[in-house]
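Numbering (my numbering), first residue to last: 23 to 392.
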């Protein structure tokens, strides 16, 4: 029945019509070239010349497909959800690496970490506003990470905003006040130093797992895959949507790409990493873990404005565990190019030996000058 339904869904336009257009166009193109060449060179030689040209052109096209990842591509890389862990107390046997990731309540509080660095606290208030409080480690790392490579040209603006928004922090710490009033170079150096130290404090308890910032493009793809799996398995009810929960953190384990931005490294280190990555034939296993909490149910009056989303009190943290499937995006065009390369070599070799044979026959019947 499934096959009949599929056949019944095939309409003349565009399916059958498209096939006929491509078929007729291919026959006319290749057939016309073959006819012209065969009238000048003979049927056999004309076929070898036409087949060699076709395979050569297809090889070049397949090579471009491989380079740019276009054309007749295979399966694109994607996240495969291996488990949806409703409670971190339950171990996931198929992903033993997850046991190394501490539960949400075992990680340090973002607000407490920021309070240990009054200078960074003042800069954060200046950047985000006087009422800024990092709700998660992700939000804290997102704002701190750019300061690891802070440019000295950004310092005057940060100082102005900090003095305007973080008066309570500055007045309570004379060292911070002295740094803000001092040399921009010394202040930039101290900000970089403290930002690096704070980031290390965030990453140290993760036992090798990498916490992604909100600005990391890898985070968006992982969250989107988790959204689809949660909706498909109806974790929060039949009508599960992304509005039913709040995403806290996204963690990565393994893979080729470093946890922190490559821009933080020197040019020599970046070059070495690129070369080493090319010669690393097997891709290391890449795992992802998206942590989220159920959102509080809110009844909004008709025409009213819904309040900001908030976590449901007492709700447990749900962890969506994923494995990166690298796919075979370039494998199919590579095989296409390889097959056509072999065809090109085969037909041109046959032409070569045919020419040598013809030359030998002609030389055998060439009359001697003596």
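For each residue, glycine too, the CB sits at the ideal point set by N, CA and C.
Of 320, 365, 312 and 349, the smallest CA-CA separation from residue 340 is found for 312. DSSP places residue 365 in the helix class (H, G or I) of the three-state scheme. Note on residue 92: under 16 other CB atoms within 10 angstroms of its CB, so exposed under the neighbour-count rule. Assignment of beta-bridge partners to residue 101 by DSSP yields 346. Around the Cβ of residue 116, a 10 Å sphere holds fewer than 16 other Cβ atoms; the residue is exposed.
The three-state secondary structure of residue 267, taken from DSSP, is strand. As DSSP reads the structure, residue 309 sits in a beta bridge with 275 and 345. DSSP, read as helix, strand or coil, puts residue 233 in strand.
Cβ neighbours of residue 209 within its own chain (closer than 8 Å, five residues either side excluded): 177, 181, 201 and 202.
Distance from the CA of residue 220 to the CA of residue 131, rounded to the nearest whole angstrom, comes to 12 Å. Contact check for residue 277 against residue 308 passes: the beta carbons are separated by less than 7 Å. DSSP, read as helix, strand or coil, puts residue 123 in coil. The DSSP-derived three-state label of residue 62 is helix. One Cα belongs to residue 245, the other to residue 334, and the distance between them is close to 20 Å. Assignment of beta-bridge partners to residue 107 by DSSP yields 341. Within the same chain, and ignoring the five residues on either side of residue 78 in sequence, the residues whose Cβ sits closer than 6 Å to its Cβ are 366. The segment 346-356 makes no contact with the segment 108-125; the number of CB pairs closer than 8 Å stays below 3. Residue 140 and residue 191 do touch by the CB rule: their CB atoms are close to 6 Å apart, below 8 Å.
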